[in-house]
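Going from the sequence shown to the numbering used here is simple: count from 1 and add 41. In this text, a Cβ means the ideal position worked out from N, Cα and C, and glycines have one as well. These numbers were taken from a predicted model, which means no experiment stands behind them.
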Amino acid sequence: RHKKCTENTFPECGACIRLNLECVREPKRQIAPDPRTHPGESSAAPSVRTVDPVNFFHDYHPFTIRETDRTSMRQYAMKYYINIMTQMLTVSQQYNSFLSEFVPMSIVSPALSGALISWAAGHLAAAADERYRITALEARSTALGHLALALSTPSQNDNVCTHAATCLVLLTSEVCLGNQTGWYAHLLGAKSIILAATTTTPSGVVGPHALKSTPEGQWILRNFAYHDILGSVTLGTKPLLRADYLHDITEGVVDTYLGVAAGILPLIAEISFLDSPRRGGDNGTQATLCSHELDPEVYSSCTDIEQKLLAWRCPNTTSTASPSLVALAYAYRSAAEIYLYRRMRGFLPRHRSSSPSWGDARQRGRPDNMLGTKMAVAVAETLAHIREIPWAEQVESALLFPLFLAGGEVTTPDAMAVIRRRLELMFARRRFENIALARAILEEVWERRLREAETGSLAGSGVDWEEILARRGDQLLLT
Numbered sequence: 042r043h044k045k046c047t048e049n050t051f052p053e054c055g056a057c058i059r060l061n062l063e064c065v066r067e068p069k070r071q072i073a074p075d076p077r078t079h080p081g082e083s084s085a086a087p088s089v090r091t092v093d094p095v096n097f098f099h100d101y102h103p104f105t106i107r108e109t110d111r112t113s114m115r116q117y118a119m120k121y122y123i124n125i126m127t128q129m130l131t132v133s134q135q136y137n138s139f140l141s142e143f144v145p146m147s148i149v150s151p152a153l154s155g156a157l158i159s160w161a162a163g164h165l166a167a168a169a170d171e172r173y174r175i176t177a178l179e180a181r182s183t184a185l186g187h188l189a190l191a192l193s194t195p196s197q198n199d200n201v202c203t204h205a206a207t208c209l210v211l212l213t214s215e216v217c218l219g220n221q222t223g224w225y226a227h228l229l230g231a232k233s234i235i236l237a238a239t240t241t242t243p244s245g246v247v248g249p250h251a252l253k254s255t256p257e258g259q260w261i262l263r264n265f266a267y268h269d270i271l272g273s274v275t276l277g278t279k280p281l282l283r284a285d286y287l288h289d290i291t292e293g294v295v296d297t298y299l300g301v302a303a304g305i306l307p308l309i310a311e312i313s314f315l316d317s318p319r320r321g322g323d324n325g326t327q328a329t330l331c332s333h334e335l336d337p338e339v340y341s342s343c344t345d346i347e348q349k350l351l352a353w354r355c356p357n358t359t360s361t362a363s364p365s366l367v368a369l370a371y372a373y374r375s376a377a378e379i380y381l382y383r384r385m386r387g388f389l390p391r392h393r394s395s396s397p398s399w400g401d402a403r404q405r406g407r408p409d410n411m412l413g414t415k416m417a418v419a420v421a422e423t424l425a426h427i428r429e430i431p432w433a434e435q436v437e438s439a440l441l442f443p444l445f446l447a448g449g450e451v452t453t454p455d456a457m458a459v460i461r462r463r464l465e466l467m468f469a470r471r472r473f474e475n476i477a478l479a480r481a482i483l484e485e486v487w488e489r490r491l492r493e494a495e496t497g498s499l500a501g502s503g504v505d506w507e508e509i510l511a512r513r514g515d516q517l518l519l520t
């Protein structure tokens with residue numbers, strides 16, 4: 042049942058909470074007016090000049106906190122996870138594994154339920170009420186203790202999926218709450234648990250393939266792949282596992298994180314697995330890229346992946362997918378192209394030690410002009426697909442990866458402003474700290490890039506987010 046808010050006293054009235062009803066109060070429209078009412082404005086880039094992150098967040102996620110004892114606070118944190126956080130995390134309300142899989146699994150797993158409560162309470166503490174900080178720490182300790190006990194004393198009743206799910210929830214919690222280095226340990230833990238999985242059938246299937254027989258197991262594998270593969274992009278490493286286990290669990294599936302774009306993950310993994318050219322090859326020619334300036338073997342691998350990306354189309358599920366989900370899928374495809382061209386740029390002999398912007402490369406007439414043109418097209422297509430997604434739609438939750446990849450290559454103030462506005466609104470609505478970090482990294486790239494463009498200096502033309510992340514020591518995860 043729903044109770045329409047007519048008193049306009051939100052968030053003080055508490056009537057919805059007391060009556061165990063769901064508040065359906067409309068957000069204040071003047072905070073972020075619909076840009077379609079302004080000529081020339083895209084629905085993806087509303088004005089955010091009047092957005093106050095705290096008030097904006099409270100408007101879109103109404104809740105009233107009255108609990109004071111520890112038990113009630115834990116219960117409310119779980120309710121907050123179910124009613125609020127699951128909606129912020131998924132791209133599809135209909136296909137929401139944070140609800141349909143994690144909540145039932147947590148009933149029989151103290152470790153997973155503790156991880157979910159810790160995540161929700163930590164988010165509550167950061168966004169609304171500092172009292173929940175202690176609740177988050179206690180629940181996290183409970184989750185880690187139960188997980189350690191289960192792993193140290195394995196039994197036939199152990200559920201590998203719940204153990205892996207606990208690691209993945211702890212990972213995501215670290216990322217969302219601002220620990221941009223601690224999350225990787227949980228990814229390593231999830232990898233070890235998945236590799237140790239076995240089936241009870243005579244087939245003797247082990248590892249990731251042992252989890253593919255159940256819906257929750259398939260969700261765990263896609264969840265792990267999402268963080269493992271996208272993490273490899275910003276870490277500059279290879280994924281922990283090769284992505285062949287994703288075969289037959291991504292196509293035709295509306296994934297909770299990526300919708301109909303999950304099929305792009307194996308292609309991004311292929312790009313991350315590309316090896317740098319061997320030094321001192323027997324071919325010392327310095328031909329143009331069109332004449333295979335790259336190592337021939339590497340060039341062949343890159344062009345094969347490029348053709349796969351260009352040929353990729355949304356699966357048949359697009360007949361039931363929303364236009365926004367389709368736009369998200371193609372935004373990921375274009376972002377994967379950006380990532381591929383970045384890797385190819387790094388493989389060029391003259392660019393091994395720096396990463397000049399493509400705009401500068403074209404202006405100076407470098408022989409990699411063709412590759413620079415491809416990059417510019419991929420960036421433009423990424424932004425075009427993102428503009429097709431309304432700024433307040435659920436699909437927006439998955440836009441950090443394409444926004445950041447495109448943002449790292451743009452050279453004009455207008456393009457920077459579009460990406461900045463989108464990131465500001467995403468953070469205001471979700472309060473996930475990895476969004477704030479991604480924007481901070483891009484702001485430094487843009488500031489240095491524009492400053493050098495104004496002075497006509499080439500000293501900063503090689504500014505790149507990889508360099509800034511390395512200097513800061515952050516392990517940014519674009520999930």
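query                                                                                                                                                                    : result
Between Arg462, Asp345, Glu179 and Phe265, which has its C-alpha nearest His204's C-alpha?                                                                               : Phe265
My assumption, with CB atoms under 8 angstroms, is that Ala177 sits in contact with Gly163. Please give the rounded CB distance.                                         : 4 angstroms
Would you report the Cα separation of Arg384 and Arg472, rounded to the nearest angstrom?                                                                                : 31 angstroms
Is the segment 130-147 touching the segment 160-175 in the sense that three or more CB pairs, one from each, lie closer than 8 angstroms?                                : no
With C-beta atoms as the reference, is Ala237 less than 9 angstroms away from Val210?                                                                                    : no
Applying the 10 Å Cβ sphere with the 16-neighbour rule, what's the burial state of Leu229?                                                                               : exposed
Beta carbon of Ala189, beta carbon of Ala118: below 9 angstroms?                                                                                                         : no
Under 8 angstroms, with one C-beta from each stretch per pair, do the segment 268-278 and the segment 243-260 reach the 3-pair mark?                                     : no
Nearest to Trp487 by CA position, among Glu495, Thr452 and Leu464, is which residue?                                                                                     : Thr452
Would you grab the beta carbon distance between Ala521 and Leu464 for me? Rounded to a whole angstrom, and I think it's under 8 angstroms.                               : Nothing can be reported for residue 521, as the shown portion of the chain is limited to 42 through 520.
What residue range does the alpha helix (DSSP H) around Thr183 cover?                                                                                                    : Tyr173 to Ser193
Quick check: what's the CA-CA separation for Ser134 versus Ser375?                                                                                                       : The sequence given here has Gln at residue 134, not Ser. For Gln134 and Ser375, the distance between alpha carbons rounds to 25 angstroms.
CB Arg263 to CB Tyr225, shorter than 9 angstroms?                                                                                                                        : no
State the start and end residues of the unbroken alpha helix (DSSP H) segment that holds Leu441.                                                                         : Leu441 to Gly448
Applying the 10 Å Cβ sphere with the 16-neighbour rule, what's the burial state of His227?                                                                               : buried
Tell me which residues share the same chain as Ala152 and place their Cβ nearer than 6 angstroms to its Cβ, disregarding the 5 neighbours each side in the sequence.     : Ala184, His187, Leu188 and Thr207
Using a 10 Å radius around the Cβ and a threshold of 16 neighbouring Cβ atoms, would you call Leu351 buried or exposed?                                                  : exposed
Tell me the residue span of the alpha helix (DSSP H) that contains Ala456.                                                                                               : Pro454 to Arg471
From Ile476 to Leu519, what does the alpha carbon distance come to, in whole angstroms?                                                                                  : 8 angstroms
Tell whether a beta-carbon distance below 9 angstroms holds between Pro364 and Glu429.                                                                                   : yes
So what does DSSP say about Thr239, is it helix, strand or coil?                                                                                                         : strand
If you check the beta carbons only, do Ala447 and Thr423 fall under 9 angstroms apart?                                                                                   : yes
What residues match up with Asp296 in a beta bridge as DSSP calls it?                                                                                                    : Gly300
Just how far apart, CA to CA, sit Val367 and Gln116?                                                                                                                     : 37 angstroms
Roughly how many angstroms separate the alpha carbons of Glu292 and Ala469, rounded to a whole number?                                                                   : 33 angstroms
Report the residue from Gly245, Arg283 and Cys217 whose alpha carbon sits nearest the alpha carbon of Lys232.                                                            : Arg283
Could you tell me if Pro195 is buried or exposed, where buried requires 16 or more neighbouring beta carbons within 10 angstroms of its beta carbon?                     : exposed
Report yes if the CB atom of Pro280 is closer than 9 angstroms to the CB atom of Asp269, and no otherwise.                                                               : yes
Please report the distance separating the alpha-carbon of Gly300 from that of Asn137.                                                                                    : 10 angstroms
Express the C-alpha separation of Leu315 and Cys343 in angstroms, rounding to a whole number.                                                                            : 8 angstroms
By Cβ distance, which residues of its chain are closer than 6 angstroms to Ala372, with the 5 residues on each side in sequence left out?                                : Thr423, His426, Ile427 and Pro443
Is the Cβ-Cβ distance between Glu474 and Gln221 less than 9 angstroms?                                                                                                   : yes
Do Pro318 and Glu347 have their C-beta atoms closer together than 9 angstroms?                                                                                           : no
For Gly449, count neighbouring C-beta atoms within 10 Å of its own C-beta (all shown protein chains included) and say buried if the count is 16 or more, exposed if not. : buried
For the segment 224-282, list the beta strand (DSSP E) runs that are entirely contained and at least 3 residues long, ordered along the chain.                           : none
On the criterion of 16 or more Cβ atoms from any shown chain inside 10 Å, does Gln516 qualify as buried, or is it exposed?                                               : buried
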